[in-house]
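Let me begin by presenting the structure, written as C-alpha cells, before commenting on it.
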Amino acid sequence: MRPHRHVGFTLSVSDVELRVRTGNDVTVVPPGTLLRVAPHVWHSVQARTVPWREDAMYCSFDVARCISPTLGNAQFARTEENAGVSVFLDAAAALEFLECHRLLYAPTSTGNSEDIAAGRALLRRRLAQWIPAQPPAAAPVPDVGDERMNRLYELIASGFHQRMTLDSLADAVGWHPVHAHRRFRAAWGFTPHEMLVGHRIEYARDLIAGGARVTYAAHAAGFTDQSHLHKTFLSTYAVLPGDYRRLAVLDELQPPSARNGIAG
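Here the numbering used here runs 34 ahead of the position in the sequence shown, where the first position is 1.
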C-alpha cells in the first residue's frame, strides 16, 4: 500500500507478516497480530507474501467515545510503540478483534436487534482496551529541521493538484533534482513523488467520501484521468473509489457523533 494517512485510528489484523513504514522507521508486524496506526500518521504497508488478507476497522475518537462511554476507566492492552504504530503484544487481542468483525457484520446483515446489541456491547469492551482514552494531539506541521526540506514539503502539500515535477520542485529550493530526491527521502522516509501521490489520493478520498463523483475527484486532485485514480485508490486503500463512495453514503446516515471520520 502506498504512503497514506487516515483521520481516525486504524485497527487491523493480517494473515501475513507486514512491514509498516512511517518515515524512516519500519515496524514488523507478525501475522495474526493486532495493529493500530494513530490518526494523521503517514505510513506505507508492504506484505511479506502475496496474496494476503486483512480485516480492518477505521475509527475516529468520536466513534470510540460514542460507542464506549466508559472508555476512560478501561485497562489498556500492552503495546509495542513506534512512531504512531502500535503492535498489541497479547495474542488474544487479534482473536478478539476478528470476533468483533464477525459479530458486527453478521447481525447487521440479518437485522437481528439482540445480536446487534450484543455485538456493540462487545465492541465497547474491546475499544476500551485498544483506543487511547484521550484524543491524540493535533498533527504538528512537519518540521525536519531543514528549511529547504520543509519548503519542499510545503510546495507538495499546497500544490499537489497542479502539474508538478521533481525538476520544478528542486529548482524552487535551488538544488539539483537528484540531490533534492536523495535529501527528501533521507529526511521524510518517502520520495517526493510518493508524498505527492499521497496528498492527491487523500484529497480525492475526502471528495469522494463527501459525495463527489469519481471523475471530478480525479481531476480536482491532480490525477491524469479517472483510470489513474482507480489504480492508485485500489493500491492505497484496497477498495475501488465507487465502493468507497457508497460506504461513505452509509456513514452519512449516522449521527455526527457516531461517524467513522472518513470524510474528515
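By construction, the Cβ of each residue, glycine as well, lies at the ideal position given by its N, Cα and C atoms.
Just so it is clear, the structure is predicted and the values come from calculations on it, not from any experiment.
Please report how far the alpha carbon of residue 179 lies from the alpha carbon of residue 155, in whole angstroms. 46 Å
With a threshold of 8 Å, are at least 3 pairs of Cβ atoms found where one atom belongs to the segment 207-227 and the other to the segment 246-261? no
Any idea if residue 263 is buried or exposed, counting beta-carbon neighbours within 10 angstroms, 16 or more meaning buried? buried
How would you label residue 199, buried or exposed, when you count the other beta carbons within 10 angstroms and need 16 or more for buried? exposed
What does the alpha-carbon distance come out to for the pair residue 84 and residue 190? 32 Å
Can you tell me which of the three DSSP states residue 77 falls into? strand
Considering only the beta carbon of each residue, do residue 49 and residue 87 sit closer than 7 Å? yes
Pull the bridge partners of residue 71 from the DSSP assignment, please. 44, 119
Reducing DSSP to helix, strand and coil, say where residue 55 ends up. strand
Range of the contiguous alpha helix (DSSP H) that encloses residue 229: 226-243
Per-residue DSSP class, three states only, for residue 89: strand
As assigned by DSSP and simplified to three states, the class of residue 207: helix
Among residues of its own chain, excluding the 5 on either side of residue 224, which ones have a beta-carbon nearer than 6 Å to its beta-carbon? 37
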